[in-house]
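Okay, so here's the structure we're looking at.
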Amino acid sequence: MAIGHKNQLDIRSKIIIILMPHFSCYDAASPFNLEENLSHTVHPPPTLGLDNRKFGIWAFLASEVLFFSVLIANFLVLSKQDPAGAFHGVATGRELLNIPLTALNTFILLTSSFTVVLALQAIQRDEQLKFRLALLATLLFGGTFIGIQAFEYYQLIAVEGVGMGTLFGASFFTLTGFHGAHVIGGLIWLIILLFKAFGLQGGFSAQDNLGVEIFGLYWHFVDIVWLLLFSLVYLI
Amino acid sequence: MDHHTQSDVAKTHKNPNYFAVFIALAVITAIITGVEFLSHSLAIPRELLNSFFVLMAVTKATLVAMFYMHLKQDSRLYTVLFGVPVMFAVILMFMLLI
Numbered sequence: 002m003a004i005g006h007k008n009q010l011d012i013r014s015k016i017i018i019i020l021m022p023h024f025s026c027y028d029a030a031s032p033f034n035l036e037e038n039l040s041h042t043v044h045p046p047p048t049l050g051l052d053n054r055k056f057g058i059w060a061f062l063a064s065e066v067l068f069f070s071v072l073i074a075n076f077l078v079l080s081k082q083d084p085a086g087a088f089h090g091v092a093t094g095r096e097l098l099n100i101p102l103t104a105l106n107t108f109i110l111l112t113s114s115f116t117v118v119l120a121l122q123a124i125q126r127d128e129q130l131k132f133r134l135a136l137l138a139t140l141l142f143g144g145t146f147i148g149i150q151a152f153e154y155y156q157l158i159a160v161e162g163v164g165m166g167t168l169f170g171a172s173f174f175t176l177t178g179f180h181g182a183h184v185i186g187g188l189i190w191l192i193i194l195l196f197k198a199f200g201l202q203g204g205f206s207a208q209d210n211l212g213v214e215i216f217g218l219y220w221h222f223v224d225i226v227w228l229l230l231f232s233l234v235y236l237i
Numbered sequence: 751m752d753h754h755t756q757s758d759v760a761k762t763h764k765n766p767n768y769f770a771v772f773i774a775l776a777v778i779t780a781i782i783t784g785v786e787f788l789s790h791s792l793a794i795p796r797e798l799l800n801s802f803f804v805l806m807a808v809t810k811a812t813l814v815a816m817f818y819m820h821l822k823q824d825s826r827l828y829t830v831l832f833g834v835p836v837m838f839a840v841i842l843m844f845m846l847l848i
């Protein structure tokens, strides 16, 4: 009877050991881990060795590449299709774009990307003051970028009379507007990071800075999109 | 169990010279803006100028992705994950621009 009971337990233990690795709560270091009670080894679930959050932001950015490439294609096809006389004094809407102002804005966004990598480098070295200053500088540059873009929109719409009624206007405002929305989204994210950086919710450290790195990836991507837009929309 | 991830491994690498990358990006931006302003006085075909602008934009984007986004030193899987849609986008742009 005693021998039969032992066999029954062994079978139940084997079933648990087969099923446990499929649940996220499985902990190989748990005192309830029955592996050591058996002679064979149970392998942990397969993994890429990458952080899920970082992999997730890269997958999101990959989808964003396709999103923006379609908007750029839309602009390249439509922006030159307006009939003659659609714009006052110029042949196409592109001639109304303010290139010096946009070049300045490009430089400002480039600088904001630089301050983000400085922030990441600072927190990896646990330099809290430098880290916070770099994040604040990013907020300043990002806000300035949006301010200049708003001024550019005002000039185009109120002064030059470019509206959504033209193909150039519709494709231009859709493309640059979605980019601007991404910058605004990044600024909101940055403000949340700043709250944490200044001690609310625990802060960041040399050991805990993945949140900064993930934000940086998003911000650099938005910068890359603008670098491409500057050439494809304003210069070509 | 070894809990070290690729990200942890990447952090042990020496960081690139971010300032040098920033200067390179700023200089390229200044050059393409200057070329655009001089394009009316220079007798360079517009197609050649456009190719130059696209090449410079791709160069800047590559610099940011490799050094600021750490694709050069991170796992190759991120490069593949990001690179596949970029390849599709490049094909699309190439077909529209030629």
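Just so you know, the protein sequences line up as chains X and G, in that order. In terms of the numbering used here, the first sequence is numbered consecutively and its last residue is 237. In terms of the numbering used here, the second sequence is numbered consecutively and its last residue is 848. Idealized CB from N, CA, C, for every residue including glycine. Being a predicted model, the structure only gives us computed values, none of them experimental.
For the pair the region 209 to 218 of chain X and the region 120 to 131 of chain X, tell me if three or more CB-CB distances fall below 8 Å. Result yes; three or more Cβ-Cβ pairs closer than 8 Å.
Along the chain, where does the alpha helix (DSSP H) containing X/Gln156 start, and where does it finish? Neither: X/Gln156 is in no alpha helix (DSSP H) and is coded neither H nor E.
X/Trp190 versus X/Gly143 - alpha carbon distance: Rounded to whole angstroms, X/Trp190 to X/Gly143 spans 12 Å at the Cα level.
Residues in its own chain within less than 8 Å of X/Trp59 by CB, not counting five upstream and five downstream? The residues are Leu218.
Residues of chain X with a CB under 8 Å from the CB of G/Met843: which are they? The contacting residues are Ser70, Ile73, Ala74, Leu77, Leu233.
In its own chain, which residues sit with a C-beta less than 8 Å from the C-beta of X/Asp230, not counting the 5 before and 5 after it? Per the sequence shown, residue 230 of chain X should be read as Leu rather than Asp. Counting only residues of its own chain and dropping the five nearest sequence neighbours on each side, X/Leu230 has a CB closer than 8 Å to the CB of Ile73, Leu176, Thr177, His180.
Would you tell me roughly how many angstroms separate the C-alpha atoms of G/Asp752 and G/Leu775, rounded to the nearest one? Model confidence at G/Asp752 stands at a pLDDT of 40, short of 50, so the residue's coordinates are unreliable; what they give is reported in the following sentence. Approximately 39 Å between the Cα atoms of the pair.
Look at the alpha carbon of X/Tyr235 and the alpha carbon of X/Ala171, and state the distance between them as a whole number of angstroms. Computed Cα separation, rounded: 15 Å.
Pull up the distance between the alpha-carbon of X/Ile158 and that of X/Leu130, whole angstroms please. Cα to Cα, X/Ile158 sits roughly 42 Å from X/Leu130.
Please report the distance separating the alpha-carbon of X/Cys26 from that of X/Leu136. Only weak support is given to the placement of X/Cys26: the predicted model assigns it a pLDDT of 41, under 50, and the question is left unresolved by the model.
Strictly below 7 Å CB to CB, what residues from chain X border G/Glu786? Against chain X, a Cβ distance below 7 Å from G/Glu786 picks out Ile100, Leu236.
Proximity below 8 Å, CB of X/Gln82 to CB of X/Leu168: Pairing X/Gln82 with X/Leu168 gives a Cβ-Cβ distance under 8 Å.
Compile a chain-ordered list of the residues in the region 86 to 112 of chain X whose CB is closer than 7 Å to at least one CB of chain G. Considering only beta carbons, the part of the region 86 to 112 of chain X lying closer than 7 Å to chain G consists of Ile100, Ala104, Thr107, Phe108, Leu111, in chain order.
Alpha helix (DSSP H) segment containing G/Ile781, residue limits: For G/Ile781, the enclosing alpha helix (DSSP H) stretches over residues 768 to 788.
Going along chain X in order, which residues have a C-beta closer than 7 Å to the C-beta of G/Pro835? Here the neighbours are Ala63, Val66, Leu67.
Let's test the definition: count the other Cβ atoms within 10 Å of the Cβ of X/Arg54 and tell me whether it reaches 16, buried, or not, exposed. Exposed, because fewer than 16 other Cβ atoms sit within 10 Å of the Cβ of X/Arg54.
Can you list, in chain order, the stretches of the alpha helix (DSSP H) that have 4 or more residues and sit fully within the region 115 to 188 of chain X? For the alpha helix (DSSP H) assignment, the uninterrupted runs of no fewer than 4 residues enclosed by the region 115 to 188 of chain X are, from N- to C-terminal side, 129 to 155.
Do you know whose CA, among X/Asp224, X/Ile237, X/Ser232, X/Leu233, lies nearest X/Ile109's CA? Cα-wise, what sits closest to X/Ile109 is X/Asp224.
Below 9 Å on C-beta distance, what does X/Gln122 contact in chain G? The contacting residues are Asn765, Tyr768.
Of the listed residues G/Asn765, G/Tyr768, G/Thr783, G/Asn767, nearest to X/Asn106 (C-alpha basis): Comparing Cα-Cα distances from X/Asn106 to each of G/Asn765, G/Tyr768, G/Thr783, G/Asn767, the minimum goes to G/Thr783.
Using a Cβ-Cβ distance cut-off of 8 Å, determine whether G/Lys822 contacts chain X. Output row for G/Lys822: interface = no.
Please decide whether X/Asp127 counts as near chain G, where near means a Cβ-Cβ distance under 8 Å. Among the residues facing chain G, X/Asp127 is not included, as its CB has no counterpart in that chain under 8 Å away.
Less than 8 Å between CB atoms is the rule here; does X/Val223 satisfy it with respect to chain G? The beta carbon of X/Val223 sits no closer than 8 Å to any beta carbon of chain G.
Near-chain X residues of the region 799 to 825 of chain G - C-beta to any C-beta below 7 Å: When CB distances to chain X are screened at a threshold of 7 Å, the residues of the region 799 to 825 of chain G falling below it are Asn800, Phe803, Val804, Met806, Ala807, Lys810, Ala811, Val814, Ala815, Tyr818, Met819, Ser825, in chain order.
Test item: CB-CB of G/Ile832 and X/Ala63 under 8 Å: Looking at the sequence shown, residue 832 of chain G is not Ile but Phe. Yes, these two residues count as a Cβ contact at 8 Å.
Buried or exposed: which applies to G/Lys764, given that a residue is buried once 16 or more other Cβ atoms fall within 10 Å of its Cβ? The residue in question, G/Lys764, is exposed, as its Cβ has fewer than 16 Cβ neighbours within 10 Å.
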